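Heads up, the thing below is written out as structure tokens.
This is the structure:
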């Protein structure tokens, strides 16, 4: 199945569980309905995958400080043509950006391909990379790390840190993901 085909199937299953998210995912729904190529060079919007990684006590989340966006974010990035599925892309991105590979997924609704959240967010233009402004459609999977080892692996990451849930660096948009996981996962 193509990345767009998989994303369409995952989105449909996601919206069965979270119909309240349909309106905020309008652009993604339209692009998938139009069967657009959803890889990186689609500057209307393209697919990304991310990992929200808890420590074993679930008191902190592994975040990266993104150099270009100058923000603390969950590790994640673009779907690559060789990725088997969105979940594999999320795991690859976490490993590439943080060095963290010892992850146990928190599976929702018995479906490992079900993300805890799908978010569309704006990315400003980056003229130095010849990229106009566009949107990322981010499929966010949740994991628990079995170790706290980390290592900054790629140039786009300025720093990697375990950030407590009540820390000011903690991204506000992840609060809903944390709440959703707390209500659905053991």
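Residue numbers (this note's numbering): 27 to 212.
A virtual CB, placed ideally from N, CA and C, is assigned to each residue, including glycine.
Just so it is clear, the structure is predicted and the values come from calculations on it, not from any experiment.
Cβ pair residue i, residue j closer than 7 angstroms
i	j	result
residue 188	residue 86	yes
residue 167	residue 146	no
residue 124	residue 88	yes
residue 91	residue 184	yes
residue 119	residue 136	no
residue 210	residue 134	yes
residue 35	residue 105	no
residue 169	residue 131	yes
residue 101	residue 71	no
residue 159	residue 171	no
Contact belief for residue i with residue j at Cβ below 8 angstroms, rounded distance in angstroms
i	j	result
residue 54	residue 37	7 angstroms
residue 129	residue 180	About 18 angstroms separates the two Cβ atoms, so there is no contact after all.
residue 65	residue 112	Between residue 112 and residue 65 the Cβ distance is about 13 angstroms, and since that is not below 8 angstroms, they are no contact.
residue 99	residue 197	6 angstroms
residue 58	residue 33	6 angstroms
From the options, residue whose alpha carbon lies closest to that of residue i
i	options	result
residue 39	74, 143 and 72	143
residue 153	59, 31 and 94	94
residue 97	149, 131, 60 and 192	149
residue 192	84, 207, 177 and 169	84
residue 62	41, 82 and 31	31
residue 81	157, 122 and 176	176
residue 67	200, 157 and 186	157
residue 174	205, 48, 121 and 163	121
residue 203	159, 141, 109 and 75	141
residue 56	108, 163, 75 and 199	163
residue 75	48, 186 and 109	109
Residues that residue i bridges to, as DSSP identifies them
i	result
residue 102	76
residue 196	According to DSSP, which records beta bridges pairwise, residue 196 is partnered with nothing at all.
residue 187	89
residue 171	129
residue 166	76 and 143
Short CB-CB distance (under 7 angstroms) between residue i and chain B
i	result
residue 186	The structure shown has no chain B; it contains just one protein chain.
Cβ-heavy atom distance, residue i to the ligand HEM, below 6 angstroms
i	result
residue 138	For the ligand HEM, the structure offers nothing, since it holds no ligand at all.
Every unbroken beta strand (DSSP E) inside the segment 104 to 156 [3 residues or more]: 129 to 131 and 143 to 149
Those runs of the beta strand (DSSP E) which lie wholly inside the segment 29 to 98 and span at least 3 residues: 72 to 80 and 86 to 92
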